[in-house]
Structure formats: C-alpha cells, structure tokens
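Quick note, in the numbering used here, the sequence shown goes up one by one and the last residue is 343. All C-beta atoms, glycine included, are put in the ideal place defined by N, C-alpha and C. Since the structure comes first, as structure tokens, the remarks are kept for the end.
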Amino acid sequence: GHHVSSQRIRFQRRNRPCRYDIDRFTPNFLSIFESLMPSEEEIAKQKQLLTSLSRLINTEWPNSKLYLYGSCANSFGFSNSDIDLCLSIDDKEMSKVDIILKLADILQAGNLQNIQPLTRARVPIVKLMDPETGLSCDICVNNLLAVVNTKLLRDYAQIDRRLRQLAFIVKHWAKIRCVNETYQGTLSSYAYVIMCIHLLQLRRILPCLQEMEATYYVKVDENNCAYFDQVEKLNNYGAHNRDTISRLLWAFFHYWAYEHDYTRDVISIRTGRIISKERKDWTRRVGNDRHLICIEDPFEISHDLGRVVDKFTIKILREEFERAANILQFDPNPSITLFEPY
Ligand code: CTP
Ligand code: MG
Numbered sequence: 002g003h004h005v006s007s008q009r010i011r012f013q014r015r016n017r018p019c020r021y022d023i024d025r026f027t028p029n030f031l032s033i034f035e036s037l038m039p040s041e042e043e044i045a046k047q048k049q050l051l052t053s054l055s056r057l058i059n060t061e062w063p064n065s066k067l068y069l070y071g072s073c074a075n076s077f078g079f080s081n082s083d084i085d086l087c088l089s090i091d092d093k094e095m096s097k098v099d100i101i102l103k104l105a106d107i108l109q110a111g112n113l114q115n116i117q118p119l120t121r122a123r124v125p126i127v128k129l130m131d132p133e134t135g136l137s138c139d140i141c142v143n144n145l146l147a148v149v150n151t152k153l154l155r156d157y158a159q160i161d162r163r164l165r166q167l168a169f170i171v172k173h174w175a176k177i178r179c180v181n182e183t184y185q186g187t188l189s190s191y192a193y194v195i196m197c198i199h200l201l202q203l204r205r206i207l208p209c210l211q212e213m214e215a216t217y218y219v220k221v222d223e224n225n226c227a228y229f230d231q232v233e234k235l236n237n238y239g240a241h242n243r244d245t246i247s248r249l250l251w252a253f254f255h256y257w258a259y260e261h262d263y264t265r266d267v268i269s270i271r272t273g274r275i276i277s278k279e280r281k282d283w284t285r286r287v288g289n290d291r292h293l294i295c296i297e298d299p300f301e302i303s304h305d306l307g308r309v310v311d312k313f314t315i316k317i318l319r320e321e322f323e324r325a326a327n328i329l330q331f332d333p334n335p336s337i338t339l340f341e342p343y
C-alpha cells in the first residue's frame with residue numbers, strides 16, 4: 002500500500018545513528034546544568050531549617066525524627082525548589098490527621114509562617130514558610146519509603162556524574178514542556194530520574210545496586226529495601242563508557258521515542274533490565290491504573306509510576322519524546338530549541 006504508518010516510521014528511525022557532530026553542544030548542555038544547580042549557601046540554609054525544625058518538634062515529641070527527602074536530598078533538586086520533609090513518629094493513639102493538626106500547632110507556637118495543614122490531601126501534609134531562611138516546605142508523616150528511595154537516588158548519583166547532568170536536563174525539559182504534572186496525567190520528577198537511571202544501567206554506566214550484595218537493609222511496611230550502598234567503591238564503574246551528556250540526552254529521547262516497546266515493556270531499575278508487562282500482570286486497566294507507560298518503583302514493586310498516564314496524555318508524552326529526539330538529531334541549535342516553552 003501507499004500508506005506509511007507511524008509504526009513503520011518508528012521502525013525505520015529505530016536504528017538511526019546519532020548525528021556525528023552531537024558533541025559540539027556538550028558545553029551548552031553543561032552550562033544549562035550548572036545554571037540549575039543549587040548553591041552551597043542554599044544547601045546550608047536547608048540544613049539549618051532541618052536542624053531548627055527538628056529541635057522544635059523534638060521538644061514536643063522526643064521520639065520523633067525529621068527527615069529531608071525528595072529533590073533537596075536526592076541530589077536532583079534545582080535551586081529555589083521547595084523542601085520536602087517527613088516526620089517519622091510512632092504513636093499508636095493518634096491518626097495521621099491528628100498528628101498533622103498537632104504539628105501545625107507546634108509550628109505555630111514556634112513562630113513559623115503561612116502554616117496550612119492539608120488533612121484531606123492524598124498524602125496529608127503541613128505547609129509552612131520559615132521567616133529566618135525564607136524557605137518554604139511541606140512536612141508529611143511516616144512516609145518512610147520516600148526517605149529510602151531518596152537515599153537510593155542519591156547513591157546512584159554518586160557513582161557517575163553524568164546521571165545528575167542527564168536528569169537535570171530531562172527535568173528542566175519536562176517542566177518547560179509541561180509534561181511534569183502528575184495531576185494532569187504526565188510524569189513526576191521521580192519517574193524521570195528513574196528513567197534516566199535505567200538508561201544508564203542499559204549502557205553499563207551505572208550498575209544495578211539492588212542486584213548486588215546488600216550492605217544496607219530496611220523493612221518499610223511490607224517492603225524489603227536492600228541494596229549495595231557503598232557507592233564510593235564504584236566511582237570508576239562507568240569509566241569505560243565515554244558518552245557525553247549530549248549523546249546520552251539523544252539516547253534518552255531516542256529510546257522513549259522510537260525504541261521502547263510500549264505494548265510489552267516495563268522498565269525496572271530494581272533488576273537493571275526491561276521486564277514484561279505480562280510478568281507483572283500490567284496488561285490491562287485495573288481501576289484507574291492504565292499501564293500505558295510502565296515504570297516500576299524500585300521498592301514498592303506493585304507500583305507503576307506511569308499509572309497516572311491516560312490515553313490522551315500518553316499521546317502528548319510520546320509526541321514530546323519524538324520532538325525532543327528530532328531536535329537532538331537535526332536542529333542547528335538543539336540546546337535552545339529543546340527548551341522552547343510549550
Ligand atoms: N515519591 C515517591 N513516589 C512517587 C512520587 C514521589 O515515593 N510516585 C517521593 C520520592 O521520594 C521523591 C519525592 O517523593 O524523591 C518527591 O517527588 P517529586 O516531587 O516527583 O520529585 P522531586 O525530586 O522533589 O522533584 P522536583 O524538583 O520537581 O520537586
Ligand atoms: Mg518535590
């Protein structure tokens with residue numbers, strides 16, 4: 002027939018080699034990365050806020066512990082991002098909502114500002130602003146899995162600097178192109194970082210820490226979280242591979258535009274491989290989980306980070322991956338065009 006289907010175009014582009022002059026753009030991408038990095042001063046302020054809030058909360062709840070998690074602790078945070086904190090507290094008498102309300106009172110007494118307890122959110126939190134440092138933050142309760150996956154991401158970032166470079170640029174692209182909004186059916190920053198780790202595992206730039214002998218172990222709810230965390234011993238792991246950030250960015254978008262098999266595959270950094278939807282029983286819609294792009298959470302393995310994506314937003318996402326892949330392949334100024342607002 003005369004009809005060339007989009008499937009066929011994808012198939013033809015699948016084996017397309019990277020443009021030969023891709024490395025011309027490496028300095029541009031690296032300077033974008035550096036402009037997004039938080040300063041030492043900002044990191045010091047975040048630590049200061051953690052210390053002062055811990056002190057305040059501990060006077061009321063001596064057995065509680067406050068943890069930083071999310072972008073300010075996983076090393077994938079941009080400058081000026083909000084701070085995510087998690088209060089770990091073992092109190093059988095109080096519900097999460099009671100804890101949130103009491104926490105709001107404690108913060109009020111401690112002179113913090115703009116305190117808002119959001120008890121009806123899917124994850125109940127208290128929002129606040131610290132007048133001392135000018136920082137805003139959200140505090141959730143007993144979400145220890147997030148604290149542990151934050152450590153996993155931070156540990157991966159220490160093995161090869163290219164992970165942080167790649168994930169910063171992918172997150173920056175996703176925010177500008179409006180595909181980083183879970184409540185609108187696109188992907189979380191956490192999901193994008195996992196996609197970057199997976200790509201680097203396939204290229205043997207990163208190992209699979211959860212497949213190695215465990216040196217770190219915690220059980221959170223019913224999830225066994227175990228992996229090799231002595232990452233300072235692995236800082237030569239990816240040295241045999243000399244791919245630059247430009248080439249990895251091209252590979253990332255090329256993979257999600259033309260190589261990933263959306264009907265069959267699940268990416269899994271837990272195993273360092275692609276596994277099948279069949280094996281996970283993620284082949285059909287169950288409730289609101291549609292499994293149109295499958296990204297396995299490293300610890301909560303029944304959780305598909307792509308489950309928020311629906312039949313409309315999958316199209317938007319895939320078009321954005323194709324746009325990015327084509328810009329990196331052909332555009333004379335990819336480090337500018339890639340980040341043109343949607
Ligand atoms: N998280 C999670 N499961 C998800 C989404 C998020 O456990 N499905 C946890 C992770 O610990 C993650 C944290 O919540 O590090 C914050 O998630 P997110 O806002 O997506 O990532 P940030 O790194 O905070 O990115 P941003 O800079 O966009 O705020
Ligand atoms: Mg965040």
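If you follow the beta strand (DSSP E) that residue i is in, where does it begin and where does it stop?
i	result
residue 74	That residue, residue 74, is in no beta strand (DSSP E); it is neither H nor E in DSSP.
residue 188	Counting along the chain, residue 188 falls outside any beta strand (DSSP E), and DSSP gives it neither H nor E.
residue 330	Not the beta strand (DSSP E): residue 330 falls in the alpha helix (DSSP H), residues 314-331.
residue 124	Careful: residue 124 lies outside any beta strand (DSSP E) and carries neither H nor E.
residue 219	217-221
residue 88	84-89
Apart from the five residues on each side of it in sequence, which residues of its chain come closer than 6 Å, Cβ to Cβ, to residue i?
i	result
residue 235	160
residue 73	47 and 84
residue 70	85, 87, 147, 148 and 151
residue 226	149, 219 and 300
residue 211	228 and 271
residue 238	160 and 208
residue 120	98 and 101
residue 199	268 and 270
residue 118	101, 102, 105 and 127
In angstroms, rounded to a whole number, what distance separates the CA positions of residue i and residue j?
i	j	result
residue 244	residue 254	15 Å
residue 134	residue 305	37 Å
residue 10	residue 260	12 Å
residue 98	residue 122	10 Å
residue 108	residue 138	12 Å
residue 174	residue 188	12 Å
residue 54	residue 330	48 Å
residue 289	residue 250	32 Å
What span of residues does the alpha helix (DSSP H) with residue i cover, start to end?
i	result
residue 98	97-110
residue 53	41-61
residue 207	No alpha helix (DSSP H) holds residue 207; DSSP gives it neither H nor E.
residue 156	145-160
Can you give the beta carbon distance from residue i to residue j, rounded, assuming they're within the 8 Å contact cut?
i	j	result
residue 201	residue 163	7 Å
residue 37	residue 80	7 Å
residue 76	residue 143	Wrong, their Cβ atoms sit about 24 Å apart, outside the cutoff.
residue 95	residue 113	With a Cβ gap of about 21 Å, residue 95 and residue 113 do not count as contacting.
residue 194	residue 145	With a Cβ gap of about 19 Å, residue 194 and residue 145 do not count as contacting.
residue 186	residue 310	6 Å
residue 292	residue 274	Rounded, the Cβ-Cβ distance is 18 Å, inconsistent with contact.
In chain order, what residues of the same chain have a beta carbon less than 8 Å from the beta carbon of residue i, not counting five sequence neighbours either side?
i	result
residue 2	Here residue 2 scores only 46 on pLDDT, less than 50, and its place in the model should not be relied on; the value that follows carries that caveat. If we look at residue 2 and ignore the five residues flanking it on each side, it has no Cβ neighbours.
residue 24	245, 247 and 248
Among the residues of its own chain, which have a CB less than 7 Å from the CB of residue i, if the five just before and after it don't count?
i	result
residue 34	166, 169 and 170
Would you say residue i faces chain B, with C-beta separation under 7 Å as the test?
i	result
residue 21	Of the chains in the structure shown, none is chain B; there is only one protein chain.
Could you check if residue i belongs to the surroundings of ligand 3, using beta carbon to heavy atom distance under 6 Å?
i	result
residue 78	Questions concerning ligand 3 fall outside what the structure shown contains, since the ligands it does hold are ligand 1 and ligand 2.
Neighbourhood of ligand 2 [Cβ distance below 6 Å to any heavy atom], ordered by chain position: The chain-ordered list of residues whose CB is nearer than 6 Å to some heavy atom of ligand 2 reads 71, 72 and 85.
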